[in-house]
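Visitor: Got a structure here, written out as structure tokens. Questions coming.
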Amino acid sequence: MAPEGFTFHGFLNGGKKERAAELQKLINSGRIFILYEAPHRLEKLIDELSEAVPADRKITIARELTKKFEQIDSLYSPDLHEWLSHNPPKGEYVIVVDAASASTEETLTEEDRQWIDELIPLLPAGQLSSIASKISRFPKKIIYNYIVSKKNSQATVD
């Protein structure tokens, strides 16, 4: 488990905008988070997770915990739809989304780093990390750490 701990969230709210905002807030926290979901809403949650969760964060799907047909699978967001096609929704689900990767270099794409680098001299780190997080869907914390490390390396070069 990540040193930052985890967030137990339970069920996401019902409205589309509320769900998207809640999910994005959980993702941007950079922490492990835990959701519950009913079988009739699992497909909707899988759609949301596959769009919003960065591809490098592991997602564990646990079905029917402590029961006869318990099933636990760990995968990444690009694989969620394929998993669902082989596992029709049955029973209650616990979804655990792993913490953001500690290594910025492994998560930010070269393209993201290039445009963020262009904006570093123009915006404060906090504001730029908020904007970049919304555009790239990487956690704000990772982007902020990248910006600060980039500024520090530029300061030592100058």
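Heads up, the final residue of the sequence shown is numbered 1008 in the numbering used here, and it's a clean run with no missing numbers. The beta-carbon is built from N, C-alpha and C at its ideal position, and this holds for glycine as well.
1. Considering only their Cβ atoms, is the gap separating Asn878 from Lys990 smaller than 7 Å?
2. Count the CB pairs spanning the segment 854-869 and the segment 908-923 that are closer than 8 Å, and state whether there are at least three.
3. Within the 7 Å Cβ cut-off, does Gly941 reach chain C?
4. For Arg891, which three-state DSSP category applies?
5. I'd like the span of the beta strand (DSSP E) that includes Ala871, first residue to last.
6. Going straight from the alpha carbon of Phe988 to that of Leu958, what length do you get?
7. Closest to Leu930 by CA distance: which of Leu972, Leu895, Lys984 and Ala950 is it?
8. Considering only the alpha carbon of each residue, which of Trp965, Ala975, Phe856 and Ala902 lies closest to Ile997?
9. Between Ile946 and Ile884, which are expected to be in contact by the criterion C-beta below 8 Å, what is the C-beta distance as a whole number of angstroms?
10. With 16 other CB atoms within 10 Å as the buried threshold, where does Ile985 fall?
11. I'd like the ranges of any beta strand (DSSP E) spanning at least 3 consecutive residues and lying wholly in the segment 906-946.
Guide: The short version:
1. On the sequence shown, position 140 is the one that residue 990 refers to. On the sequence shown, position 28 is the one that residue 878 refers to. Result yes, Cβ atoms of Lys990 and Asn878 sit closer than 7 Å.
2. no
3. Of the protein chains in this structure there is only one, and it is not chain C.
4. Translated into positions along the sequence shown, residue 891 becomes position 41. DSSP places Arg891 in helix when its eight states are reduced to three.
5. As a first step, residue 871 is located in the sequence shown; it is residue number 21 there, counting from the start. Not the beta strand (DSSP E): Ala871 falls in the alpha helix (DSSP H), residues Lys866 to Asn878.
6. Along the sequence shown, read from residue 1 onward, the residue named residue 988 stands at position 138. Along the sequence shown, read from residue 1 onward, the residue named residue 958 stands at position 108. Approximately 7 Å, taken between the alpha carbons.
7. Numbered from its first residue, the sequence shown carries residue 930 at position 80. Minimum Cα distance to Leu930 is reached at Leu895.
8. Mapped onto the sequence shown, residue 997 falls at position 147. The shortest Cα separation from Ile997 among Trp965, Ala975, Phe856 and Ala902 belongs to Ala975.
9. Locating residue 946 in the sequence shown gives position 96, where the first residue counts as 1. Locating residue 884 in the sequence shown gives position 34, where the first residue counts as 1. The sequence shown places Val at residue 946, not Ile. Val946 to Ile884, Cβ: 5 Å. Contact.
10. Numbered from 1 along the sequence shown, position 135 holds the residue referred to as residue 985. The residue is exposed, with fewer than 16 neighbouring Cβ atoms inside 10 Å.
11. 908-913 and 921-926
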